[in-house]
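For what it's worth, our numbering labels the leading residue of the sequence shown as 1, then goes sequentially.
Since the structure comes first, as structure tokens, the remarks are kept for the end.
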Amino acid sequence: MDIKVLGIALGKTVCSLAGLDVAGAAVFRKRIQRHRLMDFLIGLPPCIVAMEACGGAHYIGQTRGGSIC
Numbered sequence: 001m002d003i004k005v006l007g008i009a010l011g012k013t014v015c016s017l018a019g020l021d022v023a024g025a026a027v028f029r030k031r032i033q034r035h036r037l038m039d040f041l042i043g044l045p046p047c048i049v050a051m052e053a054c055g056g057a058h059y060i061g062q063t064r065g066g067s068i069c
């Protein structure tokens, strides 16, 4: 699985994830519990992570240090 862009829709308890390849085709779709999201992101190879603008996205961005994960 070669994910170049990961889109995350943040929910209160469950997040929806969609991974895209270089061509923009969906290669990955998953729902994950919010408290497991950071462990999942740490296990990914470097990619662009796109999240909706909300307080949760700001917190996750700070937790990752604003780096590309």
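Glycine included, C-beta positions come from ideal geometry on N, C-alpha and C.
All values reported here derive from a predicted model rather than from experimental measurement.
How big is the Cα-Cα spacing for residue i and residue j?
i: residue 15; j: residue 44; result: 16 Å
i: residue 20; j: residue 49; result: 10 Å
i: residue 3; j: residue 23; result: 10 Å
i: residue 9; j: residue 25; result: 18 Å
i: residue 33; j: residue 13; result: 6 Å
Name, in chain order, the residues that DSSP records as bridge partners for residue i.
i: residue 20; result: 5 and 26
i: residue 31; result: 16
Starting from residue i, trace the beta strand (DSSP E) in both directions and tell me its first and last residue.
i: residue 50; result: 48-51
Starting from residue i, trace the alpha helix (DSSP H) both ways and give me its first and last residue.
i: residue 71; result: A query on residue 71 cannot be resolved here, the shown segment of the chain reaching from 1 to 69 and no further.
Residue i by DSSP, collapsed to three states: which one?
i: residue 10; result: coil
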